[in-house]
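K.L.:
Protein chains in written order, with our numbering: chain U, 1 to 296; chain F, 1001 to 1289.
My structure is below; once you've seen it, I'll send some questions.
Laid out in structure tokens, this is it:
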């Protein structure tokens, strides 16, 4: 299969069951909603070292938020519901509550909910108050600039992490241009984030290492500077590879993000599109590239 | 937006044509107790069974069919028509369905209701929504005293639900309220929120004297004018409360007219009542101070 003269390898991305949550952060204006969103999703590129993967899901106009102020949608992904509760508590408490004029609401209908506002309320030192509107409970925590409003609990649902594709290019600038185009296309897909910096990861990993106690190491098969010293997966002409990793609230979202991202990445300077997997032995989800692109 | 669902939401599965219509046979000044007029009791009953449900005409026990002409069966949507100013306790304890009253209605409307919706296309008597624990009451006209209040001697009143009065309301609205929302688009009489435990009362017209007397927690919001507050309330600050924007947006969705300056305006916050717990608040829209 080829798209715009770019070979699409007949392979699949192997992804994992995770848990996802979706949060709306609002503030007095877009600047401060975005500030809180950027900080709360910081240091959340990979479960491996950060414990949580997070990203911005999009800007919201005042008409789209519960309190009719500018907002940002943020998604979080963890390996367990317990981890989600822990990370939401830490992140919303340290990064959103501290941010001027912020407020924070659940945006995920889910059977499972984790108590976050219901725990952060104690920061109010007895002066906090609750408001119940129909079945939505909000906490109002007195803070120095007025009140921090946060929802009592947040929905958590099974989700998918680690959808991916690899862009094999003839040069670093061309790889980056293609990856940027992919990210720009994926940004419009609801229910997904790309947790790595700018949506792109340059240091993809493999399971295992020659060093005892190290569980992952550089993805040697895709490192161009050592291709003659390893069992390389790189065809001739490839001098740089970048990876797009996609986390999504459901399979459909990950598939769509993969589809639009690959299409956008297939441009001049790109020789092949591939994907990362573990032989199908670890992940619960397999996203076959040809199958995803066949219907396009 | 997130997962807002209406507590005790209406059962929308029945068709409009499935309504049960009750027409009062003759106007009366004798009080009629009609607490068996609830969707819960009507939903599974045939017309003949509905006609045999109990009622009181003064102190005399009768059946509904003696007082009302009944048309329809097996529905949780009820329409009540006639001169109903002396008919009380309609919708008492209901948990589902819908009652549409096409005139004024007597006292104790929807008392102890747990769900469903009642609409009154006229005025309502005293004690509308007393001890309500869910659902919604909407009164297009005025309401009497003790809207959403607790009965004498009770320590806790309304626990959930929403009452919207699109005219004026009398005194002691929301007394001993524990949770829930009461909205009065006109004026509210004195002692609004007396001994309130929590919950929210919004008054868009004039808020009467002694609002929040004995209030422990909760919010009374005066969007219009108000009488001077009790001396047991203390000024705290001026701000734009975020939670109000959420509530006001919901009111707009329910068709309550809310001017844009209300959700964006500044409010003066007073805390009290310091003779009680003192963690309640009265918010007064700043342009009307």
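Cβ coordinates follow ideal geometry from the N, Cα and C atoms, glycine included.
I want to see whether chain F comes within less than 8 angstroms of residue 326 (chain U), judged by CB atoms only; does it?
P.N.:
The structure shown does not extend to residue 326 (chain U), since chain U is modelled only from 1 to 296, so the question has no answer here.
K.L.:
Closest Cβ-Cβ distance between residue 1241 (chain F) and chain U: below 8 angstroms?
P.N.:
yes
K.L.:
Would a C-beta distance cut-off of 8 angstroms place residue 56 (chain U) and residue 37 (chain U) closer than the cut-off?
P.N.:
yes
K.L.:
Which residues does DSSP pair with residue 85 (chain U) in a beta bridge?
P.N.:
Looking at the DSSP assignment, residue 85 (chain U) forms no beta bridge with any residue, so it has no partner.
K.L.:
Is there a Cβ of chain U sitting closer than 8 angstroms to that of residue 1277 (chain F), yes or no?
P.N.:
no
K.L.:
Nearest to residue 1047 (chain F) by CA position, among F:1033, F:1058 and F:1064, is which residue?
P.N.:
F:1064
K.L.:
Which residue from U:152, U:241 and U:69 puts its Cα closest to that of residue 176 (chain U)?
P.N.:
U:241
K.L.:
If you follow the beta strand (DSSP E) that residue 169 (chain U) is part of, which residue opens it and which one closes it?
P.N.:
153 to 169 is the span of the beta strand (DSSP E), which, as asked, contains residue 169 (chain U).
K.L.:
Would you check if there are 3 or more beta carbon pairs closer than 8 angstroms linking the segment 1230 to 1242 of chain F to the segment 121 to 135 of chain U?
P.N.:
no
K.L.:
What is the DSSP secondary structure of residue 1196 (chain F), reduced to helix, strand or coil?
P.N.:
coil
K.L.:
Would you say residue 1217 (chain F) faces chain U, with C-beta separation under 8 angstroms as the test?
P.N.:
yes
K.L.:
Let me make sure I understand the geometry here. Which of U:197, U:182, U:189 and U:170 has the alpha-carbon closest to that of residue 224 (chain U)?
P.N.:
U:170
K.L.:
Rounded to the nearest angstrom, what separates residue 1009 (chain F) and residue 40 (chain U) at their Cα positions?
P.N.:
With a pLDDT of only 39 at residue 1009 (chain F), under the threshold of 50, the placement of this residue in the model should not be trusted, and no figure is reported.
K.L.:
Under 7 angstroms Cβ to Cβ from residue 231 (chain U), same chain only, skipping five residues before and after it: list those, please.
P.N.:
221
K.L.:
Evaluate residue 1092 (chain F) with the Cβ neighbour count: other Cβ atoms within 10 Å of its Cβ, from every protein chain shown; 16 or more gives buried, anything less gives exposed.
P.N.:
buried
K.L.:
Would you say residue 66 (chain U) faces chain F, with C-beta separation under 8 angstroms as the test?
P.N.:
yes
K.L.:
What is the DSSP secondary structure of residue 1053 (chain F), counted as helix, strand or coil?
P.N.:
The answer is coil: DSSP assigns residue 1053 (chain F) none of H, G, I, E or B.
K.L.:
How many whole angstroms separate the CB atoms of residue 1040 (chain F) and residue 1095 (chain F), which I take to be in contact at a CB cut-off of 8 angstroms?
P.N.:
6 angstroms
K.L.:
For residue 1155 (chain F), count neighbouring C-beta atoms within 10 Å of its own C-beta (all shown protein chains included) and say buried if the count is 16 or more, exposed if not.
P.N.:
exposed
K.L.:
Taking 8 angstroms as the threshold (beta carbon to beta carbon), is residue 1267 (chain F) in contact with chain U?
P.N.:
With a threshold of 8 angstroms between beta carbons, residue 1267 (chain F) makes no contact with chain U.
K.L.:
Could you confirm whether any beta carbon from chain U is found closer than 8 angstroms to the beta carbon of residue 1003 (chain F)?
P.N.:
Only weak support exists for where residue 1003 (chain F) lies, its pLDDT of 36 falling under 50; the value from the coordinates is given anyway. Yes - at least one Cβ of chain U is within 8 angstroms of the one on residue 1003 (chain F).
K.L.:
Name the DSSP beta bridge partners of residue 299 (chain U), please?
P.N.:
With chain U represented from 1 up to 296, any question about residue 299 (chain U) goes unanswered, as that position is not in the structure.
K.L.:
Along the segment 1242 to 1256 of chain F, what residues have a CB closer than 8 angstroms to any CB found in chain U?
P.N.:
1242, 1243, 1245, 1246, 1247, 1249 and 1250
K.L.:
In the DSSP assignment, what residue or residues form a beta bridge with residue 1077 (chain F)?
P.N.:
Partner(s): F:1098.
K.L.:
Shortest alpha-carbon distance to residue 1200 (chain F) belongs to which of F:1216, F:1221 and F:1211?
P.N.:
When C-alpha distances from residue 1200 (chain F) are compared across F:1216, F:1221 and F:1211, the shortest belongs to F:1221.
K.L.:
Is residue 115 (chain U) helix, strand or coil by DSSP?
P.N.:
strand
K.L.:
Could you tell me whether the Cβ atoms of residue 158 (chain U) and residue 285 (chain U) are closer together than 8 angstroms?
P.N.:
no
K.L.:
Taking residue 1179 (chain F) as the query, report the chain U residues whose CB atoms sit under 7 angstroms from its CB, ordered along the chain.
P.N.:
132
K.L.:
Report the neighbours of residue 147 (chain U) on chain F: residues whose CB is nearer than 9 angstroms to its CB, in chain order.
P.N.:
1239, 1241, 1242 and 1243
K.L.:
Could you tell me the alpha carbon to alpha carbon distance between residue 189 (chain U) and residue 1178 (chain F), rounded to whole angstroms?
P.N.:
If you take the alpha carbons of residue 189 (chain U) and residue 1178 (chain F), they lie about 44 angstroms apart.
K.L.:
Count the other C-beta atoms from every protein chain shown that fall within 10 angstroms of the C-beta of residue 84 (chain U), then say buried if there are 16 or more, exposed otherwise.
P.N.:
buried
K.L.:
Show which residues of chain U have a CB atom less than 8 angstroms away from the CB atom of residue 1200 (chain F).
P.N.:
131
K.L.:
For residue 234 (chain U), I'd like the list of residues in its chain whose CB is within less than 7 angstroms of its CB, leaving aside the five on either flank, ordered along the chain.
P.N.:
168, 222, 224 and 227
K.L.:
Quick one: what does DSSP say residue 1172 (chain F) is sitting in, helix, strand or coil?
P.N.:
coil
K.L.:
Name the one or two DSSP bridge partners that residue 1245 (chain F) has.
P.N.:
None; residue 1245 (chain F) has no bridge partner.
K.L.:
Whole angstroms is fine: what's the gap from residue 1233 (chain F)'s alpha carbon to residue 260 (chain U)'s?
P.N.:
60 angstroms
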